[in-house]
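>
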Amino acid sequence: MLPILPFVSSCIFAQHNVAVKPSASSYQTLPATRRRITVLGVAIDDLTEDEVIAQLDGLIAEGGPHHVVTVNPEFVIEAQANPTFREMLARADIATADGFGLLLAARYLGTPLRGRVTGVDLSRRLAGLCAARGYRMFLLGAAPGVAAEAAAALQALHPGLNIAGTFAGSPQPRHEPFLRQLIAAARPHVLLVAYGHPQQDLWVARNQPTLQVPLAIGVGGTFDYLSGRVPRAPAMIRRVGLEWAYRLVRQPSRWRRILNAVPRFAWRVITRGRHTAIPPI
1 MLPILPFVSS
11 CIFAQHNVAV
21 KPSASSYQTL
31 PATRRRITVL
41 GVAIDDLTED
51 EVIAQLDGLI
61 AEGGPHHVVT
71 VNPEFVIEAQ
81 ANPTFREMLA
91 RADIATADGF
101 GLLLAARYLG
111 TPLRGRVTGV
121 DLSRRLAGLC
131 AARGYRMFLL
141 GAAPGVAAEA
151 AAALQALHPG
161 LNIAGTFAGS
171 PQPRHEPFLR
181 QLIAAARPHV
191 LLVAYGHPQQ
201 DLWVARNQPT
211 LQVPLAIGVG
221 GTFDYLSGRV
231 PRAPAMIRRV
241 GLEWAYRLVR
251 QPSRWRRILN
261 AVPRFAWRVI
271 TRGRHTAIPP
281 I
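This note's numbering puts the first residue of the sequence shown at 1, with every later residue one more than the last.
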């Protein structure tokens with residue numbers, strides 16, 4: 001049986017490597033079939049980062065609305081207790097593995113994933129695609145000013161990137177009419193939403209059909225990383241999957257969140273993972 005301590009040590013907040021901007025030709029490569037695995041009843045797409053970008057290129061060109069979720073172990077725990085969130089995850093067009101613990105869980109369950117596609121890496125790569133294709137990007141969420149700083153960092157990384165707008169806002173329903181009006185007027189092709197789980201993806205599910213933005217993605221704390229407000233762990237720590245520990249030292253206030261999600265996820269995978277943990281939707 002998989003030892004719980006090594007499993008727990010790598011479940012959340014692992015590496016977010018900076019990706020090199022791909023050539024336009026790389027956006028065309030995509031397998032004819034797509035493999036999905038499940039971890040405690042939550043579906044995860046077994047796609048590489050290049051394959052995800054290729055799919056996103058097609059979804060944007062097709063029009064919308066399309067919703068992509070970046071799943072980590074906290075999502076899986078939340079889905080077991082929150083039917084609305086669970087159903088939303090099941091409806092997502094693409095679900096990437098954002099969390100080293102998902103890779104360990106998939107391997108333990110005998111359905112290994114080929115790699116992670118994190119919100120940070122995906123946002124950087126997607127900005128490169130938008131710059132190459134002329135797509136407009138809108139950044140919504142995080143603390144006031146953070147989205148604008150993240151947008152500036154993406155433009156520095158990908159000159160020519162068209163930022164349709166940035167706004168902090170709030171996931172509370174009473175603010176949704178104003179935000180829908182703001183985003184609709186900007187007419188973005190891509191909307192990145194950084195309200196944290198489960199609020200960000202539930203917000204997308206409620207509002208995207210009205211907005212008709214071709215592609216919306218919940219990206220969690222990505223803007224904090226892109227803006228430089230939250231420092232990344234050294235490369236060596238990221239490589240061994242211990243970024244969660246680095247973040248705990250740097251942000252002690254996160255201890256409740258980490259202790260609530262990481263051990264529970266590992267224990268449930270070990271004790272329930274080979275059985276159906278969530279009834280089919």
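Where is the CB? At the ideal position from N, CA and C, for every residue including glycine.
Is the separation between the beta-carbon of V68 and that of L191 shorter than 8 Å?
For V68 and L191, no; Cβs fall outside 8 Å.
> Beta strand (DSSP E) containing R82: first to last residue?
The identity of residue 82 in the sequence shown is Asn, whereas the question assumes Arg. That residue, N82, is in no beta strand (DSSP E); it is neither H nor E in DSSP.
> For D50, which of helix, strand or coil comes out of DSSP?
Reduced to three states, the DSSP call for D50 is helix.
> Under 8 Å by Cβ, that's how I've got D98 and H66 pegged, so tell me the actual separation to the nearest angstrom.
At roughly 17 Å, the Cβ-Cβ gap does not stay under 8 Å, so D98 and H66 are not in contact.
> Apart from the five residues just before and just after A150, which ones in its own chain have a Cβ nearer than 7 Å to its Cβ?
If we look at A150 and ignore the five residues flanking it on each side, its Cβ neighbours are L139, F223, L226, S227.
> Let's see if you can read the secondary structure: which residues bound the beta strand (DSSP E) around T70?
Per DSSP, T70 belongs to the beta strand (DSSP E) from 66-71.
> Just reading off the alpha helix (DSSP H) that T210 is part of, what are its end residues?
199-211 is the span of the alpha helix (DSSP H), which, as asked, contains T210.
> Taking the alpha-carbon positions, what's the T70 to T96 distance?
Approximately 5 Å between the Cα atoms of the pair.
> In three-state terms, what does DSSP make of T38?
Strand, per DSSP.
> Please classify A127 as buried or exposed, where buried requires at least 16 neighbouring CB atoms within 10 angstroms.
Under this definition A127 is a buried residue.
> Tell me the DSSP secondary structure of A131 in three-state form.
In the structure shown, A131 sits in a helix (DSSP, three-state: H, G or I).
> First and last residue of the alpha helix (DSSP H) that includes T118?
No alpha helix (DSSP H) holds T118; DSSP gives it neither H nor E.
> So the alpha helix (DSSP H) L242 belongs to, where does it begin and stop?
That residue, L242, is in no alpha helix (DSSP H); it is neither H nor E in DSSP.
> Is it buried or exposed, V213, if we count other Cβ atoms within 10 angstroms and call 16 or more buried?
It is buried - the Cβ of V213 has at least 16 other Cβ atoms within 10 Å.
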